[in-house]
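Numbering (the working numbering), first residue to last: 1 to 459.
Reading through the C-alpha coordinates given below for one structure.
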(Lines of atoms letter the chains of each structure in order from A and count residues from 1; the text may use other names and numbers.)
(Lines give C-alpha, C1' and ligand atoms only; values in the text may rest on other atoms or scores of the structure.)
Protein backbone atom coordinates (compact mmCIF):
# COMPACT_ATOMS: atom_id res chain seq x y z
CA UNK A 1 0.00 0.00 0.00
CA UNK A 2 1.50 3.34 -1.04
CA UNK A 3 1.35 6.64 0.82
CA UNK A 4 -1.77 7.97 -0.96
CA UNK A 5 -3.72 4.82 -0.17
CA UNK A 6 -2.61 5.03 3.47
CA UNK A 7 -3.82 8.63 3.70
CA UNK A 8 -7.13 7.73 2.06
CA UNK A 9 -7.63 4.81 4.44
CA UNK A 10 -6.79 7.03 7.39
CA UNK A 11 -9.27 9.67 6.28
CA UNK A 12 -12.07 7.20 5.55
CA UNK A 13 -11.91 5.59 8.96
CA UNK A 14 -15.10 5.11 11.01
CA UNK A 15 -15.33 8.74 12.12
CA UNK A 16 -15.87 10.09 8.59
CA UNK A 17 -17.87 7.07 7.45
CA UNK A 18 -19.98 7.46 10.55
CA UNK A 19 -20.49 11.16 9.86
CA UNK A 20 -22.00 10.41 6.45
CA UNK A 21 -24.33 7.84 7.96
CA UNK A 22 -25.20 9.94 11.02
CA UNK A 23 -26.05 13.04 8.99
CA UNK A 24 -28.22 10.93 6.70
CA UNK A 25 -29.88 9.34 9.73
CA UNK A 26 -30.38 12.78 11.33
CA UNK A 27 -32.08 14.06 8.17
CA UNK A 28 -34.17 10.88 8.01
CA UNK A 29 -35.35 11.03 11.63
CA UNK A 30 -36.19 14.73 11.46
CA UNK A 31 -38.30 14.19 8.34
CA UNK A 32 -40.09 11.17 9.79
CA UNK A 33 -38.20 8.88 7.40
CA UNK A 34 -39.79 10.66 4.48
CA UNK A 35 -37.85 8.54 1.97
CA UNK A 36 -39.74 5.41 3.07
CA UNK A 37 -43.15 6.53 4.27
CA UNK A 38 -43.72 9.11 1.52
CA UNK A 39 -42.09 7.29 -1.34
CA UNK A 40 -44.93 8.12 -3.75
CA UNK A 41 -44.66 11.83 -2.97
CA UNK A 42 -41.03 12.29 -3.96
CA UNK A 43 -41.33 9.78 -6.78
CA UNK A 44 -44.28 11.62 -8.36
CA UNK A 45 -42.59 14.95 -7.68
CA UNK A 46 -39.45 13.88 -9.59
CA UNK A 47 -39.32 11.35 -12.39
CA UNK A 48 -43.07 10.73 -12.20
CA UNK A 49 -43.75 14.34 -13.19
CA UNK A 50 -42.26 13.68 -16.62
CA UNK A 51 -45.12 11.27 -17.31
CA UNK A 52 -47.79 13.77 -16.31
CA UNK A 53 -47.06 16.72 -18.54
CA UNK A 54 -44.52 18.23 -20.83
CA UNK A 55 -41.59 19.62 -18.92
CA UNK A 56 -41.39 23.34 -18.53
CA UNK A 57 -38.81 25.15 -20.54
CA UNK A 58 -35.98 26.71 -18.59
CA UNK A 59 -36.01 30.41 -17.93
CA UNK A 60 -32.37 31.43 -17.78
CA UNK A 61 -31.25 28.07 -16.43
CA UNK A 62 -31.38 24.34 -17.02
CA UNK A 63 -34.64 22.45 -17.19
CA UNK A 64 -35.10 20.13 -14.23
CA UNK A 65 -34.40 17.09 -16.41
CA UNK A 66 -31.21 18.72 -17.73
CA UNK A 67 -30.11 19.46 -14.16
CA UNK A 68 -30.85 15.86 -13.17
CA UNK A 69 -28.99 14.57 -16.22
CA UNK A 70 -25.98 16.77 -15.47
CA UNK A 71 -25.94 15.58 -11.86
CA UNK A 72 -26.43 11.95 -12.92
CA UNK A 73 -23.68 12.47 -15.50
CA UNK A 74 -21.21 12.90 -12.66
CA UNK A 75 -22.76 10.32 -10.33
CA UNK A 76 -23.35 7.29 -12.56
CA UNK A 77 -19.94 7.54 -14.10
CA UNK A 78 -16.97 5.30 -13.48
CA UNK A 79 -18.11 4.62 -9.93
CA UNK A 80 -21.08 2.66 -11.25
CA UNK A 81 -18.88 0.16 -13.12
CA UNK A 82 -15.28 0.37 -11.95
CA UNK A 83 -16.07 1.74 -8.48
CA UNK A 84 -18.43 -1.07 -7.51
CA UNK A 85 -15.95 -3.67 -8.75
CA UNK A 86 -13.18 -1.99 -6.75
CA UNK A 87 -15.35 -1.92 -3.62
CA UNK A 88 -16.10 -5.64 -3.88
CA UNK A 89 -12.47 -6.55 -4.59
CA UNK A 90 -10.98 -4.57 -1.68
CA UNK A 91 -13.90 -4.69 0.77
CA UNK A 92 -15.55 -8.01 -0.01
CA UNK A 93 -19.20 -8.67 -0.94
CA UNK A 94 -20.32 -6.98 2.29
CA UNK A 95 -19.24 -3.64 0.83
CA UNK A 96 -22.35 -3.74 -1.38
CA UNK A 97 -24.59 -3.84 1.71
CA UNK A 98 -22.97 -0.73 3.16
CA UNK A 99 -23.24 0.93 -0.24
CA UNK A 100 -26.99 0.36 -0.06
CA UNK A 101 -27.21 1.65 3.52
CA UNK A 102 -25.31 4.82 2.61
CA UNK A 103 -27.72 5.37 -0.29
CA UNK A 104 -30.90 4.80 1.75
CA UNK A 105 -29.97 7.40 4.36
CA UNK A 106 -28.26 9.47 1.66
CA UNK A 107 -31.65 9.97 0.02
CA UNK A 108 -32.49 12.49 2.75
CA UNK A 109 -29.03 14.04 2.80
CA UNK A 110 -29.49 14.65 -0.92
CA UNK A 111 -32.96 16.14 -0.42
CA UNK A 112 -31.62 18.62 2.15
CA UNK A 113 -28.57 19.76 0.18
CA UNK A 114 -30.44 20.14 -3.12
CA UNK A 115 -33.25 22.05 -1.42
CA UNK A 116 -30.73 24.38 0.22
CA UNK A 117 -28.83 24.81 -3.05
CA UNK A 118 -31.96 26.14 -4.80
CA UNK A 119 -33.18 28.10 -1.79
CA UNK A 120 -29.95 30.10 -1.42
CA UNK A 121 -28.80 30.30 -5.02
CA UNK A 122 -28.31 33.61 -6.83
CA UNK A 123 -29.06 34.92 -10.27
CA UNK A 124 -26.12 35.82 -12.53
CA UNK A 125 -25.79 36.98 -16.13
CA UNK A 126 -25.55 33.38 -17.29
CA UNK A 127 -28.37 31.98 -15.13
CA UNK A 128 -28.77 30.53 -11.66
CA UNK A 129 -25.72 29.60 -9.59
CA UNK A 130 -25.54 28.05 -6.16
CA UNK A 131 -24.33 25.17 -4.07
CA UNK A 132 -22.83 24.43 -0.66
CA UNK A 133 -20.73 27.61 -0.80
CA UNK A 134 -23.92 29.70 -0.80
CA UNK A 135 -25.70 27.97 2.06
CA UNK A 136 -22.48 27.94 4.07
CA UNK A 137 -22.44 31.72 3.58
CA UNK A 138 -25.99 31.74 5.00
CA UNK A 139 -24.45 30.35 8.20
CA UNK A 140 -21.59 32.84 8.07
CA UNK A 141 -19.10 30.06 7.36
CA UNK A 142 -17.05 31.86 4.74
CA UNK A 143 -13.90 29.93 5.55
CA UNK A 144 -15.77 26.65 5.21
CA UNK A 145 -17.06 27.76 1.82
CA UNK A 146 -13.52 28.41 0.62
CA UNK A 147 -12.32 25.09 2.03
CA UNK A 148 -15.13 23.33 0.16
CA UNK A 149 -14.29 25.21 -3.05
CA UNK A 150 -10.59 24.33 -2.81
CA UNK A 151 -11.23 20.61 -2.46
CA UNK A 152 -13.99 20.79 -5.05
CA UNK A 153 -11.42 22.01 -7.57
CA UNK A 154 -9.02 19.22 -6.62
CA UNK A 155 -11.83 16.64 -6.64
CA UNK A 156 -12.81 17.67 -10.15
CA UNK A 157 -9.23 17.11 -11.27
CA UNK A 158 -8.90 13.74 -9.50
CA UNK A 159 -12.26 11.98 -9.26
CA UNK A 160 -13.62 14.05 -12.12
CA UNK A 161 -10.75 13.90 -14.61
CA UNK A 162 -8.15 11.36 -13.47
CA UNK A 163 -10.55 8.58 -12.44
CA UNK A 164 -12.83 8.91 -15.46
CA UNK A 165 -10.10 9.05 -18.11
CA UNK A 166 -8.18 6.27 -16.40
CA UNK A 167 -11.18 3.96 -16.54
CA UNK A 168 -12.00 4.85 -20.15
CA UNK A 169 -8.47 4.16 -21.35
CA UNK A 170 -8.16 0.95 -19.31
CA UNK A 171 -11.46 -0.38 -20.68
CA UNK A 172 -10.73 0.47 -24.30
CA UNK A 173 -7.20 -0.91 -24.03
CA UNK A 174 -8.51 -4.19 -22.59
CA UNK A 175 -11.34 -4.50 -25.14
CA UNK A 176 -9.68 -3.23 -28.31
CA UNK A 177 -5.99 -2.88 -27.51
CA UNK A 178 -6.06 0.87 -28.14
CA UNK A 179 -3.14 2.98 -26.95
CA UNK A 180 -4.12 4.50 -23.60
CA UNK A 181 -2.37 7.82 -24.20
CA UNK A 182 -4.12 8.42 -27.51
CA UNK A 183 -7.43 7.46 -25.96
CA UNK A 184 -6.80 10.15 -23.32
CA UNK A 185 -6.03 12.74 -25.99
CA UNK A 186 -9.21 11.91 -27.93
CA UNK A 187 -11.37 12.07 -24.79
CA UNK A 188 -9.81 15.42 -23.83
CA UNK A 189 -10.62 16.88 -27.27
CA UNK A 190 -14.26 15.73 -27.15
CA UNK A 191 -14.65 17.02 -23.59
CA UNK A 192 -13.19 20.37 -24.53
CA UNK A 193 -15.67 20.82 -27.38
CA UNK A 194 -18.59 20.44 -24.95
CA UNK A 195 -17.36 22.35 -21.90
CA UNK A 196 -16.44 25.39 -23.97
CA UNK A 197 -20.19 25.91 -24.37
CA UNK A 198 -20.70 26.27 -20.63
CA UNK A 199 -23.34 24.68 -18.39
CA UNK A 200 -26.05 25.08 -21.02
CA UNK A 201 -24.27 22.87 -23.53
CA UNK A 202 -23.25 20.43 -20.79
CA UNK A 203 -26.92 20.10 -19.83
CA UNK A 204 -28.10 19.58 -23.40
CA UNK A 205 -25.49 16.91 -24.10
CA UNK A 206 -26.11 15.18 -20.77
CA UNK A 207 -29.88 14.92 -21.22
CA UNK A 208 -29.28 13.00 -24.46
CA UNK A 209 -26.42 10.76 -23.35
CA UNK A 210 -27.51 9.85 -19.81
CA UNK A 211 -30.78 8.05 -20.72
CA UNK A 212 -29.06 6.26 -23.59
CA UNK A 213 -26.14 5.01 -21.54
CA UNK A 214 -28.36 4.01 -18.61
CA UNK A 215 -30.70 1.94 -20.79
CA UNK A 216 -27.79 0.23 -22.55
CA UNK A 217 -26.08 -0.72 -19.32
CA UNK A 218 -29.22 -1.79 -17.46
CA UNK A 219 -30.46 -3.91 -20.38
CA UNK A 220 -27.18 -5.78 -20.87
CA UNK A 221 -26.49 -6.03 -17.13
CA UNK A 222 -29.94 -7.46 -16.43
CA UNK A 223 -29.34 -10.04 -19.16
CA UNK A 224 -26.11 -11.14 -17.45
CA UNK A 225 -27.89 -11.50 -14.10
CA UNK A 226 -30.78 -13.41 -15.71
CA UNK A 227 -28.29 -15.82 -17.30
CA UNK A 228 -27.05 -16.67 -13.79
CA UNK A 229 -30.46 -16.50 -12.10
CA UNK A 230 -29.69 -19.47 -9.87
CA UNK A 231 -26.89 -17.52 -8.20
CA UNK A 232 -28.97 -14.43 -7.35
CA UNK A 233 -30.22 -15.54 -3.92
CA UNK A 234 -26.79 -16.90 -2.84
CA UNK A 235 -25.22 -13.59 -3.93
CA UNK A 236 -27.74 -11.59 -1.90
CA UNK A 237 -27.12 -13.80 1.15
CA UNK A 238 -23.38 -13.33 0.68
CA UNK A 239 -23.78 -9.54 0.54
CA UNK A 240 -25.76 -9.40 3.80
CA UNK A 241 -23.73 -12.03 5.66
CA UNK A 242 -20.36 -10.58 4.71
CA UNK A 243 -21.41 -7.08 5.81
CA UNK A 244 -21.25 -8.28 9.42
CA UNK A 245 -19.07 -11.41 9.23
CA UNK A 246 -16.75 -10.78 6.27
CA UNK A 247 -14.84 -14.01 6.86
CA UNK A 248 -17.94 -15.81 5.56
CA UNK A 249 -16.74 -14.96 2.06
CA UNK A 250 -13.93 -17.45 2.60
CA UNK A 251 -15.98 -20.12 4.28
CA UNK A 252 -15.16 -18.97 7.80
CA UNK A 253 -11.42 -18.58 7.24
CA UNK A 254 -9.56 -15.39 8.02
CA UNK A 255 -10.90 -12.90 5.50
CA UNK A 256 -11.88 -9.29 4.99
CA UNK A 257 -12.48 -7.16 8.05
CA UNK A 258 -15.77 -5.43 8.82
CA UNK A 259 -13.94 -2.12 8.60
CA UNK A 260 -12.86 -2.88 5.02
CA UNK A 261 -16.44 -3.66 3.97
CA UNK A 262 -17.70 -0.50 5.65
CA UNK A 263 -14.87 1.70 4.36
CA UNK A 264 -15.11 0.68 0.71
CA UNK A 265 -18.89 0.32 0.68
CA UNK A 266 -19.63 3.78 2.04
CA UNK A 267 -16.75 5.46 0.20
CA UNK A 268 -17.75 4.00 -3.17
CA UNK A 269 -21.42 4.68 -2.46
CA UNK A 270 -20.59 8.30 -1.73
CA UNK A 271 -18.44 8.51 -4.86
CA UNK A 272 -21.33 7.15 -6.92
CA UNK A 273 -24.29 9.15 -5.60
CA UNK A 274 -22.40 12.13 -4.10
CA UNK A 275 -24.98 12.51 -1.31
CA UNK A 276 -23.26 14.57 1.38
CA UNK A 277 -20.33 15.56 -0.79
CA UNK A 278 -22.22 18.59 -2.10
CA UNK A 279 -20.90 18.56 -5.66
CA UNK A 280 -24.10 17.64 -7.51
CA UNK A 281 -25.99 20.32 -5.58
CA UNK A 282 -24.30 22.84 -7.88
CA UNK A 283 -25.98 21.29 -10.93
CA UNK A 284 -29.38 21.28 -9.25
CA UNK A 285 -28.93 24.91 -8.24
CA UNK A 286 -28.89 25.83 -11.94
CA UNK A 287 -32.31 24.25 -12.54
CA UNK A 288 -35.46 26.17 -13.37
CA UNK A 289 -37.24 24.65 -10.37
CA UNK A 290 -40.79 25.39 -9.20
CA UNK A 291 -39.65 25.31 -5.57
CA UNK A 292 -36.55 24.30 -3.59
CA UNK A 293 -38.21 21.17 -2.21
CA UNK A 294 -39.31 20.05 -5.67
CA UNK A 295 -35.66 20.09 -6.74
CA UNK A 296 -34.87 18.15 -3.58
CA UNK A 297 -37.17 15.39 -4.83
CA UNK A 298 -35.07 15.15 -7.99
CA UNK A 299 -32.00 14.87 -5.78
CA UNK A 300 -33.56 11.89 -4.04
CA UNK A 301 -34.29 10.16 -7.35
CA UNK A 302 -30.69 10.81 -8.38
CA UNK A 303 -29.34 8.85 -5.40
CA UNK A 304 -31.92 6.08 -5.81
CA UNK A 305 -31.16 5.55 -9.48
CA UNK A 306 -27.37 5.93 -9.27
CA UNK A 307 -26.80 3.51 -6.39
CA UNK A 308 -29.85 1.38 -5.64
CA UNK A 309 -30.49 0.64 -9.33
CA UNK A 310 -27.31 1.01 -11.40
CA UNK A 311 -24.70 -0.05 -8.82
CA UNK A 312 -26.81 -3.02 -7.75
CA UNK A 313 -26.85 -4.29 -11.34
CA UNK A 314 -23.04 -4.08 -11.49
CA UNK A 315 -22.63 -5.82 -8.13
CA UNK A 316 -24.98 -8.67 -8.99
CA UNK A 317 -23.31 -9.17 -12.38
CA UNK A 318 -19.96 -9.67 -10.63
CA UNK A 319 -21.21 -11.82 -7.76
CA UNK A 320 -23.54 -14.10 -9.77
CA UNK A 321 -21.20 -14.69 -12.70
CA UNK A 322 -18.44 -16.29 -10.61
CA UNK A 323 -15.62 -14.07 -11.90
CA UNK A 324 -14.84 -12.78 -8.40
CA UNK A 325 -12.75 -15.09 -6.19
CA UNK A 326 -12.56 -13.65 -2.64
CA UNK A 327 -9.66 -15.89 -1.61
CA UNK A 328 -7.55 -14.88 -4.62
CA UNK A 329 -8.45 -11.20 -4.14
CA UNK A 330 -7.49 -11.24 -0.47
CA UNK A 331 -4.21 -13.00 -1.22
CA UNK A 332 -3.31 -10.40 -3.85
CA UNK A 333 -4.16 -7.57 -1.44
CA UNK A 334 -2.02 -9.03 1.35
CA UNK A 335 0.91 -9.73 -0.97
CA UNK A 336 0.67 -6.34 -2.68
CA UNK A 337 0.31 -8.00 -6.07
CA UNK A 338 -2.97 -6.41 -7.18
CA UNK A 339 -2.95 -5.48 -10.85
CA UNK A 340 -5.28 -3.33 -12.92
CA UNK A 341 -6.65 -6.44 -14.65
CA UNK A 342 -7.97 -7.84 -11.35
CA UNK A 343 -10.26 -5.02 -10.33
CA UNK A 344 -12.14 -2.00 -11.61
CA UNK A 345 -13.57 -2.06 -15.12
CA UNK A 346 -11.76 -5.30 -16.16
CA UNK A 347 -13.53 -7.22 -13.36
CA UNK A 348 -16.91 -5.89 -14.53
CA UNK A 349 -15.99 -6.72 -18.13
CA UNK A 350 -15.15 -10.29 -17.13
CA UNK A 351 -18.64 -10.64 -15.65
CA UNK A 352 -20.29 -9.43 -18.87
CA UNK A 353 -18.08 -11.73 -20.92
CA UNK A 354 -19.61 -14.79 -19.23
CA UNK A 355 -22.72 -14.12 -21.33
CA UNK A 356 -21.55 -12.03 -24.26
CA UNK A 357 -18.15 -13.62 -24.81
CA UNK A 358 -15.57 -11.32 -26.36
CA UNK A 359 -18.30 -8.74 -26.84
CA UNK A 360 -18.62 -8.41 -23.06
CA UNK A 361 -15.47 -6.30 -22.76
CA UNK A 362 -16.64 -4.12 -25.64
CA UNK A 363 -20.09 -3.58 -24.07
CA UNK A 364 -18.52 -2.53 -20.77
CA UNK A 365 -16.02 -0.33 -22.61
CA UNK A 366 -18.81 1.46 -24.50
CA UNK A 367 -20.94 1.89 -21.37
CA UNK A 368 -17.97 3.09 -19.39
CA UNK A 369 -16.98 5.46 -22.18
CA UNK A 370 -20.44 7.06 -22.08
CA UNK A 371 -20.63 7.04 -18.27
CA UNK A 372 -17.18 8.48 -17.76
CA UNK A 373 -17.45 11.02 -20.56
CA UNK A 374 -20.61 12.53 -19.09
CA UNK A 375 -18.94 12.52 -15.67
CA UNK A 376 -16.12 14.59 -17.12
CA UNK A 377 -18.67 17.15 -18.27
CA UNK A 378 -20.38 17.44 -14.91
CA UNK A 379 -17.17 17.63 -12.89
CA UNK A 380 -15.66 20.25 -15.17
CA UNK A 381 -18.58 22.52 -14.24
CA UNK A 382 -18.20 21.80 -10.54
CA UNK A 383 -14.51 22.65 -10.70
CA UNK A 384 -15.21 25.92 -12.46
CA UNK A 385 -17.80 26.86 -9.83
CA UNK A 386 -15.33 26.09 -7.05
CA UNK A 387 -12.63 28.19 -8.69
CA UNK A 388 -15.00 31.12 -9.25
CA UNK A 389 -16.02 31.11 -5.59
CA UNK A 390 -12.47 30.73 -4.33
CA UNK A 391 -10.92 33.47 -6.46
CA UNK A 392 -13.91 35.63 -7.36
CA UNK A 393 -12.65 35.79 -10.96
CA UNK A 394 -14.35 34.11 -13.91
CA UNK A 395 -11.50 34.76 -16.28
CA UNK A 396 -9.51 32.00 -14.58
CA UNK A 397 -11.99 29.44 -15.88
CA UNK A 398 -9.96 29.22 -19.10
CA UNK A 399 -6.88 28.33 -17.10
CA UNK A 400 -8.91 25.71 -15.24
CA UNK A 401 -10.27 24.23 -18.46
CA UNK A 402 -6.76 23.78 -19.83
CA UNK A 403 -5.64 22.19 -16.55
CA UNK A 404 -8.70 19.93 -16.50
CA UNK A 405 -8.16 18.69 -20.07
CA UNK A 406 -4.45 18.17 -19.39
CA UNK A 407 -5.35 16.07 -16.36
CA UNK A 408 -7.70 13.99 -18.51
CA UNK A 409 -4.74 13.05 -20.72
CA UNK A 410 -2.46 12.36 -17.72
CA UNK A 411 -5.10 10.22 -16.03
CA UNK A 412 -5.37 7.91 -19.00
CA UNK A 413 -1.93 6.41 -18.25
CA UNK A 414 -1.94 6.58 -14.43
CA UNK A 415 -2.17 3.74 -11.91
CA UNK A 416 -5.71 2.89 -10.87
CA UNK A 417 -4.93 2.44 -7.16
CA UNK A 418 -3.34 5.85 -6.81
CA UNK A 419 -6.10 7.50 -8.85
CA UNK A 420 -8.86 6.13 -6.62
CA UNK A 421 -6.92 7.07 -3.47
CA UNK A 422 -6.60 10.68 -4.63
CA UNK A 423 -10.31 10.80 -5.38
CA UNK A 424 -11.22 9.45 -1.94
CA UNK A 425 -9.01 12.04 -0.21
CA UNK A 426 -10.52 14.98 -2.08
CA UNK A 427 -14.11 13.75 -1.71
CA UNK A 428 -13.65 13.29 2.02
CA UNK A 429 -12.14 16.72 2.65
CA UNK A 430 -14.76 18.40 0.46
CA UNK A 431 -17.62 16.59 2.18
CA UNK A 432 -16.61 17.48 5.74
CA UNK A 433 -17.86 21.11 5.83
CA UNK A 434 -20.86 20.25 3.66
CA UNK A 435 -22.03 17.52 6.02
CA UNK A 436 -21.79 19.88 8.98
CA UNK A 437 -23.74 22.59 7.14
CA UNK A 438 -26.41 20.11 6.07
CA UNK A 439 -26.78 18.89 9.66
CA UNK A 440 -27.21 22.44 10.99
CA UNK A 441 -29.65 23.58 8.29
CA UNK A 442 -31.66 20.35 8.06
CA UNK A 443 -34.42 21.53 10.48
CA UNK A 444 -35.05 24.47 8.14
CA UNK A 445 -35.64 22.05 5.28
CA UNK A 446 -37.95 19.89 7.38
CA UNK A 447 -40.22 22.92 7.74
CA UNK A 448 -40.06 23.57 4.00
CA UNK A 449 -40.87 19.93 3.34
CA UNK A 450 -43.89 20.04 5.64
CA UNK A 451 -45.27 23.11 3.89
CA UNK A 452 -44.63 21.55 0.47
CA UNK A 453 -46.51 18.40 1.45
CA UNK A 454 -49.46 20.51 2.55
CA UNK A 455 -49.50 22.08 -0.95
CA UNK A 456 -49.48 19.07 -3.33
CA UNK A 457 -47.26 19.03 -6.38
CA UNK A 458 -48.80 20.90 -9.28
CA UNK A 459 -47.58 21.53 -12.79
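Heads up, the beta-carbon is just placed ideally off N, CA and C, and yes, glycines get one too.
- Item | Cβ pair residue 82, residue 408 closer than 8 Å | no
- Message: Can you tell me where the beta strand (DSSP E) holding residue 124 begins and where it ends?
- Response: Counting along the chain, the beta strand (DSSP E) containing residue 124 begins and ends at 122-124.
- Between residue 404 and residue 46, is the Cβ-Cβ spacing less than 8 Å? no
- Task: Following the continuous beta strand (DSSP E) through residue 127, name the residue where it begins and the one where it ends.
- Result: 127-129
- Message: DSSP three-state label for residue 437, please.
- Response: helix
- In angstroms, rounded to a whole number, what distance separates the CA positions of residue 389 and residue 441? Roughly 21 Å between the two C-alpha positions.
- Task: Work out the CA separation of residue 303 and residue 275 for me, nearest whole Å.
- Result: 7 Å
- Message: If you follow the alpha helix (DSSP H) that residue 113 is in, where does it begin and where does it stop?
- Response: Residues 94-119.
- Message: Counting beta carbon pairs with one atom in the region 180-187 and one in the region 336-343, are three or more of them shorter than 8 Å?
- Response: Under the 8 Å Cβ criterion, the region 336-343 does not count as touching the region 180-187, having fewer than three qualifying pairs.
- Note down, in chain order, each residue of its chain lying with its Cβ closer than 8 Å to the Cβ of residue 80, except the 5 sequence neighbours on either side. 217, 272, 306, 310, 311, 314 and 371
- Message: Let's see if you can read the secondary structure: which residues bound the alpha helix (DSSP H) around residue 322?
- Response: First-last for residue 322: undefined, no H or E at that position.
- Query: Using the beta-carbon count (16 or more within 10 Å), is residue 328 buried or exposed?
  - Reply: exposed
- Message: So residue 120 and residue 129 are supposed to be a Cβ contact under 8 Å. How far apart are they, rounded?
- Response: That pair is no contact at about 11 Å.
- Task: With DSSP as the reference, please indicate the residues paired to residue 341 in a beta bridge.
- Result: According to DSSP, which records beta bridges pairwise, residue 341 is partnered with nothing at all.
- DSSP three-state assignment for residue 12, whether helix, strand or coil: coil
- Task: Give a yes or no on whether the C-beta atoms belonging to residue 35 and residue 99 are separated by under 8 Å.
- Result: no
- Message: How far does the alpha helix (DSSP H) with residue 307 in it extend, from its first residue to its last?
- Response: From DSSP, residue 307 is part of no alpha helix (DSSP H); its letter is neither H nor E.
- Out of 124, 123 and 147, point me to the one whose CA is closest to residue 132's CA. 147
- Message: Can you tell me whether residue 450 is buried or exposed? The criterion is at least 16 other CB atoms within 10 Å of its CB, across all chains shown.
- Response: Residue 450 comes out exposed.
- Message: Here's the rule: buried if 16 or more other CB atoms are within 10 angstroms of the residue's CB, otherwise exposed. What is residue 460?
- Response: Nothing in the structure corresponds to residue 460, since the chain is present only between 1 and 459.
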